[in-house]
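Note sheet for the following structure.
In this note's numbering, the protein residues as written are 443 to 636.
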């Protein structure tokens with residue numbers, strides 16, 4: 443099972459201005475339609491994807507893949523466009539890729555980190571992993587989501603375009619979390635055997 447980083451979903455949805463669109467489309471569709479693999483993403487992925495898409499559409503005038511753009515063009519007001527986009531993108535990804543946006547309330551339960559300092563469980567795990575794996579906070583949180591949800595959902599692979607950051611630490615991730623980072627880059631052959 444595969445956890446999908448927001449940058450992969452963003453490049454899948456936009457056909458122009460995204461250098462990784464073709465590789466995302468080929469890779470994800472091959473996983474889903476040919477290899478019959480399950481894709482998962484977290485609420486963080488969904489929030490990040492929707493936020494990025496709203497910004498690109500309303501401020502940069504970017505265009506989505508044809509199946510989505512014609513519906514977005516029906517709205518003129520940026521707020522209405524963004525509200526509609528969140529629903530449209532979420533439903534499109536669920537329908538087209540059968541992606542499941544997952545979360546678990548227990549990730550947000552407050553736990554003791556030290557002394558009388560408490561944090562939600564997901565942040566505690568991120569703090570504990572931060573000195574072992576050097577990543578930006580948002581990337582670290584994606585890994586922690588994948589890791590904490592891996593037992594319940596069988597997540598074994600983490601898909602990302604972030605070659606610069608994840609390329610350096612993919613061996614540590616596999617060793618510490620038993621999750622293989624798959625870096626999607628242009629000219630890459632499709633799909634890891636699973």
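Glycine included, each C-beta is placed from N, C-alpha and C at the ideal position. This structure is a prediction, so every number in the text was calculated from the model and none was measured.
{"Asked": "Close Cβ partners of residue 550 (< 8 angstroms) along its chain, the five nearest in sequence each way excluded", "Found": "562, 563, 564"}
{"Asked": "DSSP beta-bridge partners of residue 555", "Found": "Answer is none; residue 555 lacks a bridge partner."}
{"Asked": "Helix, strand or coil at residue 466 [DSSP, three-state]", "Found": "helix"}
{"Asked": "Terminal residues of the beta strand (DSSP E) in which residue 453 lies", "Found": "Segment 448 to 455 is the alpha helix (DSSP H) holding residue 453; no beta strand (DSSP E) there."}
{"Asked": "Residue 529 - containing beta strand (DSSP E), residue span", "Found": "Residue 529 -> not in any beta strand (DSSP E); alpha helix (DSSP H) instead, spanning 520 to 539."}
{"Asked": "Spatially closest choice to residue 628 from 444, 464, 450, by CA coordinates", "Found": "464"}
{"Asked": "Residue 455 to residue 581 span [Cα, whole Å]", "Found": "20 angstroms"}
{"Asked": "Proximity below 8 angstroms, CB of residue 576 to CB of residue 528", "Found": "no"}
{"Asked": "Burial state of residue 605, where buried means 16 or more other Cβ atoms lie within 10 Å", "Found": "exposed"}
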